[in-house]
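Report on one structure; see the data block that follows.
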Amino acid sequence: MTGKRLCRAASIALFIAAGASPSWAGDVPVISRQISDFRIGSPQTNFGSLEFLGGLEMVSSRALFGSLSSIRFRPDQKNFVVVLDTGQWLTGSTERDAKGRLSGLSNVEITPMKNIAGRSFEGKGHMDAEGLALDGNRILVSFEQDHRVDVYPDPGFSDSGAIATLPILIPRKMLSDNRGIETIAVAPASSALKGGVVIVSERGLDSDGNRVAAILNGPLKGRFSVARDGSFDVTDGAFLPNGDFLLLERRFNMAEGIGMRIRRIKGGDIRPGAVVDGELLLEGNFNSQIDNMEGLDTFQAADGTTHIILVSDDNHSILQRNLMLEFRLTEETAHKASD
């Protein structure tokens with residue numbers, strides 16, 4: 003048994019001993035431990051306009067499980083699609099306990115992604131998937147290193163190669179190898195963007211030092227920028243029902259340590275030539291239950307409230323964790339027209 007496998011086996015044994023819940027349905031067994039506090043050792047649940055509902059720490063005996071880059075939920079708010087930056091699809095369902103809190107994953111399957119030539123590649127050079135968007139009968143995936151946005155059929159994406167590649171409107175020279183298109187999201191059809199596809203780079207910068215971004219289609223097609231603040235990088239984003247745009251940002255370096263924040267950008271500010279910024283909704287650091295936070299999605303729960311799901315990328319490191327965190331937007335403006 004290799005060192006990594008031994009460490010993985012030991013982690014699973016510790017999870018079970020600690021009372022974690024195993025889920026064996028599907029091809030990939032996942033063991034989950036519930037997280038009850040966002041601030042370590044603190045019962046605080048309200049953070050500005052967000053309420054922490056709970057979370058999961060997840061491990062699996064399958065070596066491919068991990069490196070979660072982006073997540074998108076189906077309309078049933080239970081089934082989801084994830085892309086891994088190792089070039090894999092991960093699908094599954096969330097399970098909840100009697101109080102409605104996340105309790106585990108089920109029906110988890112991992113399948114290799116295929117490029118437009120129908121081939122799968124080992125390694126990140128060709129299939130470093132970072133962003134994911136559900137757009138009607140197609141799924142859009144953004145890749146870095148080989149910078150592009152590929153289109154897959156939905157249903158059928160897990161068996162199909164990419165069927166098209168979208169123009170990204172951003173010159174490749176503005177996208178460094180490992181800091182490419184990290185975020186892709188589809189605006190609501192009722193918003194000013196009229197269902198337009200929006201992409202944001204992780205650290206590709208314009209001449210003023212702001213992150214390059216673009217609206218790929220629709221009436222406001224064109225490039226814009228997202229203001230850069232400090233050492234945080236953009237890792238994912240999703241639209242609220244009213245057209246406002248949530249951006250997940252991550253800091254991960256030895257000098258400053260780990261950090262995560264969510265910003266809210268007014269939908270009406272997103273237009274060609276603009277430099278957009280937004281209010282800070284949430285920030286976490288070493289005293290919070292976070293890791294290398296990479297994915298964010300939103301959905302409307304049965305009671306009409308907006309929920310936010312975050313996931314982390316463990317980089318297949320024994321020093322990092324696969325997390326899924328859930329928040330609820332407590333203010334009513336998620337459904338009102340943006341100013």
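Just so you know, the numbering used here puts 326 at position 324 of the sequence shown, and the rest follows in order with no gaps.
Beta carbons: idealized from backbone N, C-alpha and C, even for Gly.
Computed from a predicted structure; not experimentally measured.
Can the beta-carbon of residue i be found closer than 8 Å to that of residue j?
i, j, result
"G297", "S160", "no"
"R315", "L70", "For the sequence presented, residue 315 should be read as Asp rather than Arg. Result yes, Cβ atoms of D315 and L70 sit closer than 8 Å."
"F329", "L52", "yes"
"V278", "V200", "no"
"S178", "R205", "yes"
"N294", "R266", "no"
"R74", "D299", "yes"
"S233", "N255", "yes"
"A164", "N117", "yes"
"F241", "A304", "no"
"V236", "I186", "no"
"L249", "V313", "no"
"T308", "L282", "no"
Consult DSSP for residue i and reduce its assignment to one of helix, strand or coil.
i, result
"D299", "strand"
"M256", "coil"
"G269", "helix"
"H309", "strand"
"G127", "helix"
"G56", "strand"
"N48", "strand"
"P114", "strand"
"N294", "coil"
"A276", "coil"
"W26", "Because the pLDDT at W26 is just 45, under 50, the model does not fix this residue reliably, and the value given afterwards should be weighed accordingly. Residue state, collapsed to three classes: coil."
"R323", "coil"
"N81", "strand"
"E251", "strand"
"A135", "strand"
"T332", "coil"
"F40", "coil"
Among the options, which has the Cα closest to the Cα of residue i?
i, options, result
"G259", "D246, E281, G286, L249", "G286"
"I183", "H318, D238, S62, G89", "D238"
"P31", "F40, I112, R74", "I112"
"R181", "A131, L136, Y154, T167", "A131"
"G127", "Q147, G280, L218, G306", "Q147"
Against chain C, with Cβ distances strictly below 8 Å, would residue i count as a contact?
i, result
"L298", "The structure shown contains no chain C; it is built from a single protein chain."
Runs of 3 residues minimum, wholly inside the region 140-213: which ones carry the beta strand (DSSP E) assignment? The qualifying runs are 140-146, 150-155, 166-168, 183-188, 199-207.
Q.
For the structure I just gave you, are there three or more beta carbon pairs, one from the region 215-231 and one from the region 54-62, closer than 8 Å?
A. no
Can at least three beta-carbon pairs, one atom from the region 191-199 and one from the region 113-124, be found at a separation below 8 Å?
Touching, no.
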